[in-house]
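One structure is given below, encoded as structure tokens.
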Amino acid sequence: MLVLPNGYRYVFWVARNIWSPFVLFGSGFWMIKTNLLPIEEGSTVIIANHSSYMDIMLMFRLRKKPFVFVGKKELARIPFFGYLYKRAAIMVDRTSSKSRYRVYQRAQNVIEKGYSICIFPEKEYIDETILLNPFKKGAFKLALEHELPILPLVFLDCKRKFPWYTSHGYPGTLRVKALNMIQVKDIKNKKTETLQKESHELIKNTLEKDPKRMALEAIEVWKNKNY
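Every letter in the sequence shown is one number past the one before it in the working numbering, and letter 43, counting from 1, is 31.
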């Protein structure tokens, strides 16, 4: 990630205003917000379900205020995407405990600069037959330690329209729903595990109750395709 004070803001601006809309439009997608997002005030931990490369483009388009991704270092190998990703993310090697520890140090530096942190907290996410995998603790540990509010976002259509294995996707609208902000500083004696579980249930319930059933349909399509 760029360390110059204004360097990252420039990278973020390019990713948000040029790269992301180009990829979305070029792939035949356009974003629809099903409700208003909370006003951006101070640093926030942003979490969301992760079922598509398009999730990253949508995230950039949703937030005007710069944020930094925390994600797998393997994604940096993708041509062109990797170039921007390395400059917009704190990369973690999940096989290295030292790497995971350094993530918290770098995240603290990012927060001190006034940026938000964006984490897709699912442990694994490329299994097309699972609606929402269990969450890792990292995002919630950061939120509690720094008393940062958590903004849960739900990507309702990506799993059906542009899944990891794109043989059964199709273009169209990609809906995003913002859930109520979780004000961590107002929570007393809250454990990481409890916050982790409650956040998972909020996002999973939203996917299950989607009137269009897009994520559930994606699972059915994938199972039928492979039987």
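Just so you know, even glycine gets a beta-carbon here, dropped at the ideal spot from N, CA and C.
Owing to the predicted nature of the structure, the values given are computational and were not obtained by experimental measurement.
Segment limits, alpha helix (DSSP H) that includes residue i
i	result
A131	G126 to H134
K211	M202 to K213
T180	T180 to E196
V2	G(-5) to V2
K149	C146 to K149
R49	M42 to L50
L12	S8 to G14
Residues near residue i by beta carbon distance below 7 Å, same chain, minus five either side
i	result
K124	P109 and K111
T180	K125, F128, K129 and L132
H38	F108, E110 and Y113
K173	E135
K213	H156
G102	S31
R94	I78
Residue i: first and last residue of the uninterrupted beta strand (DSSP E) it sits in
i	result
F143	I138 to F143
S104	S104 to I107
Proximity below 8 Å, CB of residue i to CB of residue j
i	j	result
K147	S40	yes
F143	V164	yes
T32	L183	no
M19	C106	no
S104	I191	no
I99	V91	no
L141	L204	no
M42	L162	yes
S187	I175	no
D115	M202	no
Nonlocal neighbours in the same chain, by C-beta distance under 6 Å from residue i, ignoring five residues either side
i	result
L12	M45
P122	K111
P54	R(-3), F0 and Y103
K21	V164
Rounded Cβ spacing between residue i and residue j (contact assumed at less than 8 Å)
i	j	result
P159	S15	7 Å
V80	V56	Between V56 and V80 the Cβ distance is about 12 Å, and since that is not below 8 Å, they are no contact.
Report task. Check whether the region 17 to 29 touches the region 153 to 168, taking contact to mean three or more Cβ pairs, one atom from each stretch, closer than 8 Å. Result -> yes
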